[in-house]
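The listed protein sequences derive, respectively, from chains B and D. Residue 730 in the numbering used here sits at position 234 of the first sequence, and the numbers go up by one each step. Residue 368 in the numbering used here sits at position 8 of the second sequence, and the numbers go up by one each step. Below is one structure; the comments refer to it alone.
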Amino acid sequence: MAAAVVRGGTEILSSVVQGQVEVHEPYGGVVPELASRDHVRCVSAVVEAALAQAGVPSHELTAIAVTAGPGLIGSLLVGLSFGKALAYRLGVPMVGVHHLNGHLASAELADASLRAPYIGLLTSGGHTALYRIEADATPQLLGETRDDAVGEAFDKVAKLLELGFPGGPAVSAAAESGDAAAVRFPRPMVNRAGFDFSFSGLKTAVALEVERRAERGALGAADVADIAASFEAAAIEVLVSRARQALREQGIGRLTVVGGVAANRRLRAEMANAAVEDGFEVSFPPPALCTDNAAMIAAAGSQLLARGDRHGLDLNSFSRGSGPL
Amino acid sequence: MRFHSRSPDATQAAAGLLAASLPGDGLLLVLSGPLGAGKTLFAKGLAEGLGVDPEAVTSPTFAICSEYDLADGRRLAHLDGYRLESAAELESAGFLDLLVTGTIILIEWGERFRDALPADRIEIQISRPDETPTHRRLDAVASGPTAARALAEWGSKLVGEIGRQPELPEEKDG
């Protein structure tokens with residue numbers, strides 16, 4: 497659950513994220529956004545905190561943007577219902593935002609000089625996708641994962657290697673002392689046409705490697721480090737390779753990488769190398785804007801409102817795809 | 361019932377045959393197996409057998425539940441209990457709302473919440489019986505009359521259409 501007050505679609509007056517990581521950490525969860533009853537309990541407090549930090553009384557709000565999906569329906573409904581009620585009470589327009597378009601909007605929120613067209617690589621615990629972004633248009637999906645998201649792969653590999661949560665930083669930390677060439681894991685889909693991704697086979701290959709080594713005795717720290725490094729190298733290579741392909745085939749020289757995995761240091765370094773080699777510009781929003789937050793939803797909502805989009809109070813939430821949006 | 365799959369394609373095809381064996385008013389399928397066993401692949405095959413584009417079926421770990429409307433008016437609900445810790449969280453994810461006529465429910469990691477699940481169901485366990493990377497063993501057990509009929513139908517389809525004789529398990533309770 498998160499709330500933010502944003503002025504003009506670009507200026508963040510406040511951004512509050514109700515962290516639930518602590519609550520769910522013992523379960524090795526992926527995204528700390530689980531229990532809708534927690535949302536019911538904290539939605540008012542989070543919104544009030546955002547207003548207070550911004551120093552903006554609620555009657556000064558001019559519009560409400562709220563996430564409609566995709567995600568866990570129960571949690572989405574809490575936010576959507578609250579947003580509808582608030583917009584109704586204040587008599588201001590409401591617009592439903594696609595969570596992934598929110599992530600993409602974080603790029604322009606972080607860098608006001610960013611100008612379309614550009615390619616957006618979205619890498620998170622729930623999604624992995626490439627978009628082409630044009631001014632004043634809905635982001636065009638070029639390709640997405642056919643099975644697991646890359647962040648999910650990191651989380652599940654962390655579980656296989658008995659590392660901590662969240663899995664991304666845990667795998668990266670373990671990988672630092674490992675040999676990325678120790679195991680030649682597959683790079684799924686990279687030689688196929690199109691822009692889709694697949695990380696399930698890579699996860700399976702890691703599971704098989706863990707099993708193979710475990711049969712010879714318990715995994716030592718060196719085993720864990722080598723597998724983590726080899727996995728990370730494979731996953732990152734897939735992301736970098738697909739992004740380069742998209743830039744080349746779409747004839748675009750600008751890339752932005754958003755979503756939680758954009759914080760990965762190996763991804764940043766290898767993408768920066770690729771940018772030098774291929775001659776494109778790349779930017780990464782700061783981590784606070786890469787992980788789930790409400791400021792990016794406000795930014796995406798502002799773009800929609802500027803185009804004249806409005807939603808009625810009958811807007812429904814959705815678990816996958818693009819629903820009614 | 362026990363079935364040996366020698367490739368991801370065979371697993372997907374077997375799941376497609378299960379789709380064709382399900383009753384019109386829906387059934388609960390519980391799918392278990394370790395990370396990387398092929399649970400989401402099985403879900404893709406089931407969805408394909410129900411007329412859904414398998415490429416649209418992705419891991420539901422993030423959203424917990426993905427729903428697909430079928431051409432015949434039925435609905436497929438693909439759930440993932442991986443991130444859920446309790447039956448209460450399963451309920452919070454909207455599980456009870458899915459228990460309506462015409463909904464086929466496939467839940468991964470659902471064996472962790474057996475007490476919260478309807479009794480009439482098929483449980484499918486995917487395992488890796490040896491070191492062959494693509495070899496999977498599927499063990500399916502029905503509990504309840506509707507599930508037993510569907511499982512028997514699935515078994516006969518596997519024999520007939522894939523041409524492999526599913527091994528009979530040593531013992532089964534449904």
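All C-beta atoms, glycine included, are put in the ideal place defined by N, C-alpha and C. Values in this document were obtained by computation on a predicted structure and should not be read as measured data.
Looking at D:Ser503, D:Ala448 and D:Ala453, the one whose alpha-carbon comes closest to that of Gly567 of chain B is D:Ala453.
Distance check between Gly775 of chain B and each of B:Asp805, B:Ala758, B:Arg744 and B:Asn760 places B:Arg744 closest, using alpha-carbon atoms only. Of all residues in the stretch 430 to 457 of chain D, those with a C-beta nearer than 7 Å to a C-beta of chain B are Arg443, Glu445, Glu449, Ser452, Ala453 and Gly454, reading in chain order.
Linking Ser554 of chain B to Val542 of chain B through their CA atoms gives a straight-line distance of about 13 Å.
Shown in chain order are the members of the stretch 398 to 421 of chain D whose Cβ falls below 9 Å from a Cβ of chain B: Gly398, Thr400, Leu401, Lys404, Pro414, Glu415, Ala416, Val417, Thr418, Ser419, Pro420 and Thr421.
Put simply, of B:Lys699, B:Arg611, B:Val552 and B:Asp722 the residue whose alpha carbon is nearest the alpha carbon of Thr752 of chain B is B:Arg611.
The Cβ atoms of Ala758 of chain B and Ile615 of chain B do not sit closer than 8 Å to each other. Residue contact with chain B for Ala423 of chain D: present (Cβ-Cβ distance below 8 Å to some residue of chain B).
Judged by beta-carbon spacing, Gly664 of chain B lies within the 8 Å limit of Phe650 of chain B, meaning their Cβ atoms are closer than that value. Proximity to Thr563 of chain B across B:Thr624, B:Arg585, B:Pro783 and B:Ala499 peaks at B:Ala499, based on C-alpha coordinates.
Per the DSSP secondary-structure output, Leu389 of chain D pairs in a beta bridge with D:Leu466 and D:Ile482. In the DSSP annotation of this structure, Gly405 of chain D is not part of any beta strand (DSSP E); the continuous alpha helix (DSSP H) holding it starts and ends at Lys399 to Gly409.
In summary, Pro635 of chain B is buried, with 16 or more beta-carbon neighbours lying within 10 Å of its beta-carbon over all protein chains present.
The C-beta distance from Gly398 of chain D to Thr371 of chain D rounds to 5 Å, short enough to meet the 8 Å contact threshold.
Comparing alpha-carbon positions, the option among B:Ser620, B:Pro589, B:Ala729 and B:Asp534 lying closest to His599 of chain B turns out to be B:Ser620. Among the residues of the stretch 724 to 736 of chain B, none has a Cβ less than 7 Å away from any Cβ of chain D. Contact annotation for Ala645 of chain B against chain D: Thr418, Ser419, Thr421 and Phe422 [CB-CB distance below 9 Å, chain order]. Among the residues of chain D, none has a CB under 9 Å from the CB of Gly663 of chain B; the nearest is roughly 12 Å distant.
The three-state reading of DSSP puts Ser419 of chain D in coil, since its state is none of H, G, I, E or B.
Taking C-beta atoms under 8 Å as the contact rule, Ile508 of chain B and Ala791 of chain B qualify, at a distance of about 5 Å. For the 8 Å CB-CB criterion, Met590 of chain B and Ile560 of chain B form a contact.
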